[in-house]
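Asks: Numbering-wise, this note's numbering puts 42 at position 42 of the sequence shown, and it's gapless, one number per residue.
Heads up, the beta-carbon is just placed ideally off N, CA and C, and yes, glycines get one too.
The structure is given below, and queries will be raised subsequently.
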Amino acid sequence: MPNVMQQLFIMNIEALLKEYAAYRAFNKSDSVINMRIPHQILERIKKLAEAQHVPYQLLISSVLYSLVSADESQQ
Numbered sequence: 001m002p003n004v005m006q007q008l009f010i011m012n013i014e015a016l017l018k019e020y021a022a023y024r025a026f027n028k029s030d031s032v033i034n035m036r037i038p039h040q041i042l043e044r045i046k047k048l049a050e051a052q053h054v055p056y057q058l059l060i061s062s063v064l065y066s067l068v069s070a071d072e073s074q075q
């Protein structure tokens, strides 16, 4: 059973994807990153992305973009 944070995250995925679509229309992705994360976390991200029918890389990018956007709006 998902905890509260997971439920909130899942509920916000659609909103994040819409926001990211607007971002992609405005900015082309031209940077590549390489990062190491625990295998279990990546597998959970992939399951969340699969449930939303989006590539997991898009889900990660959407979350990062949302965090940066939220931070900018607080400044």
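Following the continuous alpha helix (DSSP H) through Q40, name the residue where it begins and the one where it ends.
Replies: Per DSSP, Q40 belongs to the alpha helix (DSSP H) from H39 to Q52.
Asks: Assuming Q52 and I13 are in contact, meaning their beta carbons sit under 8 Å apart, how far apart are those beta carbons, in whole angstroms?
Replies: About 5 Å; that satisfies the 8 Å criterion.
Asks: Which residue comes first and which comes last in the alpha helix (DSSP H) that contains Q57?
Replies: It spans Y56 to Q74 - the alpha helix (DSSP H) in which Q57 sits, taken as one unbroken run.
Asks: Tell me whether S31 is buried or exposed, calling it buried when 16 or more other Cβ atoms sit within 10 Å of its Cβ.
Replies: Exposed, by the Cβ-count rule.
Asks: Go ahead and label L59 buried or exposed: buried means 16 or more other beta carbons lie within 10 angstroms of its beta carbon, across all protein chains shown.
Replies: Answer is buried; the Cβ neighbour count reaches 16.
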